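Reading through the structure tokens given below for one structure.
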Amino acid sequence: MIRFFNHNYFTYFSIGKYKKHQYIVQQETPVPYVHFVVKGLLRSFYVDQSGKSHILQFAMEDWWITDNQGFYKEENATLNIDCLEDAQTYYITLENRDQLCVALPKMEFFFLQKMTTGNIALQNRILSLMSKNSEERYLQFIQLYPDLIQRLPKTLVASYLGISRETLSRLSH
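The opening position of the sequence shown corresponds to residue 93 in my numbering, with each subsequent residue numbered one higher.
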């Protein structure tokens, strides 16, 4: 994927550098960009009315992240996205994305593929939360994301899996 950014169309993107704990999207604010993670680890999460956080996804190197609804519908964010590590991203506005797709039509298919892959991953995540027990969800997570398990605090892994920190400790031993 990185070689994608070595072509002339890199000019449609900007480079963002962010510190650990920095937000790149906050609920109820505009979502001007979609981000490609070059370095670092980010998470998207929702804070409900009672103040509880619900993690939707993590994004590490070579992954894309944004609040899709806010970005594509040009609405305020329903999600927060923050940096779990210092991060660098390539980001693009919706207008630049559309211009890039006109300048290079195969990019439309590229973005469609990335969105489809993301939708499939979210569908599988929802089905896992609905149908698998905590051990099955944990085993699936370490199988799908072996690199993430080493980089994430156990409290965030537990939150993502919808289990307690104690249950995660029991499962990981």
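C-beta atoms are modelled at their ideal positions from N, C-alpha and C, and glycine is treated no differently. Note that the structure is predicted; figures quoted are calculated from it, not measured.
So who's on the other strand from LYS131, going by DSSP bridges? GLN180
So, with DSSP's three-state summary, where would you put LYS111? coil
Helix, strand or coil for MET93 per DSSP? Residue confidence for MET93 is low, a pLDDT of 48 falling below 50, so the modelled location carries little weight; the figure read from the coordinates is stated next. Coil at MET93, not helix or strand.
Tell me the start and end of each unbroken alpha helix (DSSP H) in the segment 150–220 that is at least 4 residues and wholly inside, in chain order. 160–164 and 186–195
Are the CB atoms of ALA169 and VAL117 nearer to each other than 8 Å? yes
Please report the residue range of the alpha helix (DSSP H) in which PRO238 lies. 238–243
Rounding to the nearest angstrom, what Cα-Cα distance links GLY162 and SER145 in this structure? 19 Å
Exposed unless 16 or more other CB atoms sit within 10 angstroms - verdict on SER256: exposed
If I measure Cβ to Cβ from GLN149 and keep anything under 6 Å in the same chain, skipping five residues before and after, which residues do I get? SER136
Taking the beta carbon of ASP154 as the centre, do at least 16 other beta carbons fall within 10 Å, making it buried, or is it exposed? exposed
Once the 5 residues before and after LEU65 are set aside, which same chain residues still bring their CB inside 7 Å of it? No answer is possible for residue 65: the residues shown for the chain start at 93 and end at 265.
Pick helix, strand or coil for SER142, following the three-state DSSP scheme. coil
So what does DSSP say about VAL123, is it helix, strand or coil? coil
Beta-carbon spacing of TYR182, PHE128 below 8 Å: yes
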